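**Q** Can you keep this structure in mind? I'll have questions shortly.
Number of protein chains: 2
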Amino acid sequence: MVGQSNMAGRGYLKDVKQIYDEHIKMLINGRWQTMTEPINFDRPTAGIGLAASFAGAWRLKNENGQIGLIPCADGGSSLDDWEVGGALFENAVFQAKAAQRMSTLSGILWHQGENDSFVGRSAVYYDKLDVIVDAFRRELGVPDIPFIAGGLGDFLTRGRYGQYFTEYNAVNQSLQKFAETRPNAYFVTAAGLKANQDDLHFDAVSQRKFGTRYFEAFFEKRSVMIPPDNENELVNIIQDRALTPKEQTALLEISFAAGKISLSDLEGELALINIK
Amino acid sequence: MVGQSNMAGRGYLKDVKQIYDEHIKMLINGRWQTMTEPINFDRPTAGIGLAASFAGAWRLKNENGQIGLIPCADGGSSLDDWEVGGALFENAVFQAKAAQRMSTLSGILWHQGENDSFVGRSAVYYDKLDVIVDAFRRELGVPDIPFIAGGLGDFLTRGRYGQYFTEYNAVNQSLQKFAETRPNAYFVTAAGLKANQDDLHFDAVSQRKFGTRYFEAFFEKRSVMIPPDNENELVNIIQDRALTPKEQTALLEISFAAGKISLSDLEGELALINIK
């Protein structure tokens, strides 16, 4: 998970059903743990991103497999902030290498470009991105790893911060060109996706859909230029997956530790799970 | 910030006033940003820890200085999980080195031991800790850096998980002995501090106090064996610090991005700040 805020995720947690699956992990402090959202806690505003439903869609095709997400996105970051050798790049390489101790890297999920959508930056987007993606592949020893980049939202120029995104279309064209001309690179359209009230961040429902589009690109090894017809249905299937007793127990323990349920509620609920 | 859950922090956010000060930073993705809590997002239950009030107390002695916190604690981790070369140790070294690119390391805040409080582990606590602290100091090139370790809470054996903490007193004795026998190491008592309903995690009010005790040890370069008389007053001074217009603006932008206030509320409040 690399890029800026829309990869980290700013959808509101209250707007979608939780995805919780002990076969879906996230890397924290160099170790895997069961994923909860927000996954990529880069800012106090971190929320729902696209990676959770990406992983959920992967799970529908991999009944017994495990998938791990490596959160490295950072809000407001430009391509220059991602320069090879810089703090964000080095952190992402370190985290990915930590994951490689235990696991196989299988994809790079990228969403970035809002912060390169003005003052002429879009014109050099392709070349800068090319250097960064090459360096990731080389430093991590995964020259053929799929690189999946989503488009920027069509709402950007409308809102409070719209003056900063005048070149967002040019960035989208660069991302498409990158997918067309570079090996194992795919573009995912953001067409039809909606924003929070800030007209800057994809809302939670849209992030869920976006994640299934990213997965389609990953699974089919091709760009996704048109929103799939079945994405709402797919999101519902992912979100409505029945929890196992172990997962129900884990969520109750989390609620208790967070002070959301009392000790007696915890014990009562756990007894019910054990009885079933 | 190294150790397990009570260093990461599990106090409930709703129980204390927010500490927000643009001179207090936290390291995320290898870069400094203004601190918000939770600082150390190791689990979905992450909350108030001791580091925020530690930093707030530091600020009272450093009117124009900036302090940064490096969150590396991981819930439920044992000393074996912190072994040199392991995932947690390597992550902490990486994060600290990232901070050293821009800043000077000035202290190690440690709280750990609950997970070494049973099945005889307490007997080898001192020796295992010694290896880890030596390795941190050596790998980071800071041989004399202060190491500050807080005691485990007296509530541990009382609660739902009490059976796992039968040796917590022996761990506390090892931490005290460490402070007495190793250079630049200090112990901070947890006497009088209270827990959440789980009798496992310090509550938010206690974490605020604990942080000021840690700071007293850091500032005075001595162990703090008795709770200071003035700690409630000190916590209030830290929490009641007046926000600058820039800080008020930043918090409003966060509230807006998080969907907690509307665009018109944001603009109305910002206009009021600008008028003042």
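Which chain is which? The protein sequence lines are A and B, in order. Numbered by my numbering, the letters in the first sequence go through residues 1 to 276 in order. Numbered by my numbering, the letters in the second sequence go through residues 1 to 276 in order. Positions of the beta carbon are idealized from the N, C-alpha and C atoms, including for glycine. Here the structure is a predicted model, which means the values were calculated and not measured.
In chain order, what are the residue ranges of uninterrupted alpha helix (DSSP H) at least 4 long that sit wholly in the region 161-206 of chain A?
**A** Complete alpha helix (DSSP H) runs here, min 4: 168-181.
**Q** List, in chain order, every chain A residue whose beta-carbon is nearer than 8 angstroms to that of aspartate 42 (chain B).
**A** Those are Ile28, Asn29, listed as they occur along chain A.
**Q** Is the region 42-51 of chain B touching the region 201-211 of chain B, taking contact as three or more C-beta pairs under 8 angstroms?
**A** Flag = yes, the region 42-51 of chain B and the region 201-211 of chain B touch.
**Q** Mind pulling the beta strand (DSSP E) runs of 3 or more residues that sit fully within the region 89-129 of chain A?
**A** Taking only runs of at least 3 residues, the beta strand (DSSP E) segments lying wholly in the region 89-129 of chain A are 108-111.
**Q** To test your reading of the DSSP string, which unbroken beta strand (DSSP E) runs of 3 or more residues are found completely within the region 35-98 of chain B?
**A** You should have 67-69.
**Q** Can you tell me which of A:Phe165, A:Arg213, A:Ala98 puts its alpha carbon nearest to the alpha carbon of tyrosine 186 (chain A)?
**A** When each option's Cα is compared against that of tyrosine 186 (chain A), the closest is A:Arg213.
**Q** Counting only the same chain and skipping the five closest in sequence on each side, list residues whose C-beta sits under 8 angstroms from that of proline 183 (chain A).
**A** Same-chain partners within the cutoff: Asp144.
**Q** Which residues in chain A have a C-beta closer than 8 angstroms to the C-beta of serine 262 (chain B)? List them in chain order.
**A** Gln197, listed in chain order.
**Q** Pop quiz: arginine 138 (chain B) and valine 16 (chain B) are said to be a contact at Cβ under 8 angstroms. What is the actual Cβ separation, rounded to whole angstroms?
**A** Incorrect: roughly 37 angstroms between the Cβ atoms, too far for contact.
**Q** In terms of residues, what are the limits of the alpha helix (DSSP H) holding lysine 246 (chain A)?
**A** Lysine 246 (chain A) -> alpha helix (DSSP H) spans 245-257.
**Q** Expressed to the nearest angstrom, what Euclidean distance is found between the alpha-carbon atoms of tryptophan 58 (chain B) and glutamine 100 (chain A)?
**A** Looking at the two C-alpha atoms, the distance is approximately 39 angstroms.
**Q** Whose C-alpha, out of B:Gly75, B:Ala55, B:Leu272, B:Phe94, is nearest the C-alpha of leucine 69 (chain B)?
**A** Looking at the Cα atoms, B:Ala55 is the closest of the given residues.
**Q** Could you check if methionine 26 (chain B) is buried or exposed, using at least 16 other CB atoms within 10 Å of its CB as the buried criterion?
**A** The residue is buried, with at least 16 neighbouring Cβ atoms inside 10 Å.
**Q** Drop a sphere of 10 angstroms on the beta-carbon of methionine 35 (chain B), count the other beta-carbons inside from all chains shown, and report buried for 16 or more, exposed for fewer.
**A** Buried: at least 16 other Cβ atoms inside 10 Å.
**Q** Could you name the residues that DSSP lists as bridge partners for arginine 31 (chain B)?
**A** DSSP, once it has assigned bridges, lists B:Ile28 as partnering arginine 31 (chain B).
**Q** Rounded to whole angstroms, how far is the Cβ of isoleucine 238 (chain A) from the Cβ of serine 106 (chain A), which I believe are closer than 8 angstroms?
**A** Their Cβ separation, rounded to whole angstroms, is 19 angstroms, which puts isoleucine 238 (chain A) and serine 106 (chain A) out of contact at 8 angstroms.
**Q** When DSSP labels each residue in this structure, what does phenylalanine 155 (chain B) get in the three-state scheme?
**A** Here phenylalanine 155 (chain B) sits in coil by DSSP.
**Q** Quick one: grab the DSSP three-state call for isoleucine 275 (chain A).
**A** If DSSP states are grouped into helix, strand and coil, isoleucine 275 (chain A) belongs with the helices.
**Q** Find the residues of chain A that neighbour tyrosine 126 (chain B), judging by a C-beta separation of less than 7 angstroms, and give them in chain order.
**A** Neighbours of tyrosine 126 (chain B) on chain A: none; closest Cβ ~24 angstroms, over 7 angstroms.
**Q** Between the region 159-175 of chain B and chain A, which residues of the former have a C-beta closer than 9 angstroms to a C-beta of the latter?
**A** Residues passing the 9 angstroms Cβ filter: Gly159, Arg160.
**Q** Counting only the same chain and skipping the five closest in sequence on each side, list residues whose C-beta sits under 8 angstroms from that of proline 228 (chain B).
**A** Only Thr212, Arg213, Glu216, Leu234 meet the Cβ criterion.
**Q** Between which two residues does the alpha helix (DSSP H) carrying isoleucine 19 (chain B) extend?
**A** Unbroken run through isoleucine 19 (chain B): none, as it is neither H nor E.
**Q** Which of the three DSSP states is assigned to isoleucine 148 (chain A) in this structure?
**A** Reduced to three states, the DSSP call for isoleucine 148 (chain A) is strand.
**Q** Does the Cβ of arginine 277 (chain B) have 16 or more other Cβ atoms within 10 Å, making it buried, or fewer, making it exposed?
**A** Nothing in the structure corresponds to residue 277 (chain B), since chain B is present only between 1 and 276.
**Q** Quick one: measure Cβ to Cβ for arginine 178 (chain A) and alanine 149 (chain A), integer angstroms, because I've assumed they're closer than 8 angstroms.
**A** Note on identity: in this sequence residue 178 (chain A) is phenylalanine, with arginine being the wrong assignment. Correct: roughly 7 angstroms between the Cβ atoms.
**Q** Quick one: does phenylalanine 256 (chain B) have its CB under 8 angstroms from some CB of chain A?
**A** With 8 angstroms as the cut-off, phenylalanine 256 (chain B) counts as an interface residue toward chain A.
**Q** So that I know if they touch, is there some Cβ in chain B lying closer than 8 angstroms to that of phenylalanine 202 (chain A)?
**A** So, not an interface residue.
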